[in-house]
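Enquirer:
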Ligand code: FAQ
C-alpha cells in the first residue's frame, strides 16, 4: 500500500477508537513515542519497588508484611507486562534496561524520595498509587492494544493497592497521637511528589498534544491532576489528615477543588537526576541487574537446551 494510504488508514483506525495492533502499520513517531512512554512506565514500576521494599523487613505485623510483599511483587509483575508490551513494538527489554542505566530513559520522579517511617508505606499506597491509577485508568483506552490490555490488569491491582494504603494510614491516623503525627508527616512529604507524578503542567508538557491526537493519552496532565485532587481531598477528611496545601478548598462554582501550584523547579531537578535518592535508586537497580546476570544466563541456556531437545524430538 502507498505510504499516504497507510497513514490515512492508521488515522481512520485511531479516530474510530479502534485498537492499533503490533502487526498494523504505524507512523515511526507513534512507535517511538509509545516505546518512550511504556519504557518509562515499566522502569517506574520496577524502581518503584525500592521505596516500599525498604520496609518489608520492618513491617509492624505479619499481616502488614504479607500485604506489603504481595504489593511489591505486583509492581514487579506490572513492570513485566509493560516490558512485554514495549517488546511488541520491536525493542528488546535488555536494550531498554541499558538505556535506563545510561540515563537515556526516565522513571517516575516520585520514587526518588525516601521512605523514612512506616507511615510512608500507607501514604504511598493512598497517594502514589492513587495518582498512578488516576493516570492509568484512561490508559486502558489507549489506542495501542497491548498497552491498553496490560493496563486493565494493572488497574485492578492498583485499586487494591490504594485501598490497602488508605486502610493502613487510617489505622495510624486513628491510633495514638504519635501515630497520627507520623501519618500526618508522611502525607506532608508525599502530597506534592504525588501531584507531580502526573507530569509537568500542560504548558510545559512536550508530548501531550501529539499523544492526545494519537489517543495514547486521553486527558492532559493538568486534567488528571484535578481529578486526582478531587478524589483524594475528601478522603483526607475521612483520614483526619491535612494535605500540606493552604490553597486546597472546594470551589462550588467550578465543582472542583482549587489547589496550589506544584514546585516545578523541584520536579525539573528530580527528573534531571538531582532528587534525594536518584543516585541510590539507579545504583541499586544496576547492582541488582548485574547480580542477576547468572539467572538470565541460566534461563537462556535452559531455553536453548529445551528448544534443541524439541527440535530433535520433532
Ligand atoms: N517523572 O511531555 P510530558 C506507579 C518526563 S507508575 C519523571 O508531559 P508525557 C505505580 C516525560 O517522560 C508511575 N519524568 O510527558 C507504582 C518526558 O520526558 P521524555 C509512573 C517525567 O509522557 C505505585 C518529559 O518529562 N506512571 O506509580 C515525569 O506526555 C507505587 C515531558 O513530560 C507512568 O509512567 C515524572 N513525574 O506525560 C509503582 C504512566 N513527568 O520522555 C510502585 C505512564 C514527565 O521526553 C509503587 N506515563 N516526565 O524524556 C504517562 O502517563 C506519561 O508518560 C506522564 C508524562 C503523564 C508521566
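Residue numbers (the working numbering): 93 to 406.
Heads up, the beta-carbon is just placed ideally off N, CA and C, and yes, glycines get one too.
Small disclaimer: the values here were computed from a predicted structure and weren't measured.
Confirm the yes/no value for this check: CB of residue 248, any heavy atom of the ligand FAQ, distance under 7 angstroms.
Expert: no
Enquirer: For residue 279, which residues in the same chain have their Cβ closer than 6 angstroms to its Cβ, ignoring the five residues on either side in sequence?
Expert: Correct list, in chain order: 215, 333.
Enquirer: My guess is that residue 237 and residue 111 are in contact by the Cβ rule of under 8 angstroms, so how many angstroms apart are they, rounded?
Expert: 4 angstroms
Enquirer: Can you give me the C-alpha to C-alpha distance between residue 378 and residue 182, rounded to a whole angstrom?
Expert: Computed Cα separation, rounded: 24 angstroms.
Enquirer: What runs of the alpha helix (DSSP H), each 4 residues or longer, lie entirely inside the region 295-345?
Expert: Counting whole runs of 4 or more residues, the region 295-345 contains the alpha helix (DSSP H) stretches 300-305, 313-331.
Enquirer: Can you tell me the Cα-Cα spacing of residue 158 and residue 264, whole angstroms?
Expert: The straight-line gap separating the alpha-carbon atoms of residue 158 and residue 264 is approximately 18 angstroms.
Enquirer: Name, in chain order, the residues that DSSP records as bridge partners for residue 122.
Expert: DSSP lists no partner for residue 122.
Enquirer: How should residue 196 be labelled, buried or exposed, when 16 other C-beta atoms within 10 angstroms of its C-beta is the threshold for buried?
Expert: exposed
Enquirer: Starting from residue 170, follow the beta strand (DSSP E) in both directions and report where the run begins and ends.
Expert: No beta strand (DSSP E) holds residue 170; the alpha helix (DSSP H) holding it covers 154-179.
Enquirer: Below 6 angstroms CB to CB, which residues in the same chain sit around residue 192 once its five sequence neighbours on both sides are set aside?
Expert: Counting only Cβ-Cβ distances below 6 angstroms, and skipping sequence neighbours, we find 135.
Enquirer: Let me check you understand the geometry: is the CB of residue 259 closer than 7 angstroms to at least one non-hydrogen atom of the ligand FAQ?
Expert: no
Enquirer: Between which two residues does the beta strand (DSSP E) carrying residue 116 extend?
Expert: Residue 116 -> no beta strand (DSSP E), and no H or E assigned at all.
Enquirer: Can residue 301 and residue 156 be called in contact, C-beta distance under 8 angstroms?
Expert: For residue 301 and residue 156, no; Cβs fall outside 8 angstroms.
Enquirer: For the candidate residues 234, 169, 251, whose alpha-carbon lies nearest to that of residue 225?
Expert: 251
Enquirer: With a threshold of 7 angstroms on Cβ separation, who are the neighbours of residue 118 within its own chain once the five nearest residues in sequence on each side are excluded?
Expert: 102, 112
Enquirer: Which stretch, first to last residue, makes up the alpha helix (DSSP H) that contains residue 348?
Expert: Looking at the DSSP string, residue 348 is not in any alpha helix (DSSP H); the run it does join, the beta strand (DSSP E), is 348-350.
Enquirer: I need the straight-line Cα distance from residue 161 to residue 95, nearest angstrom please.
Expert: 49 angstroms
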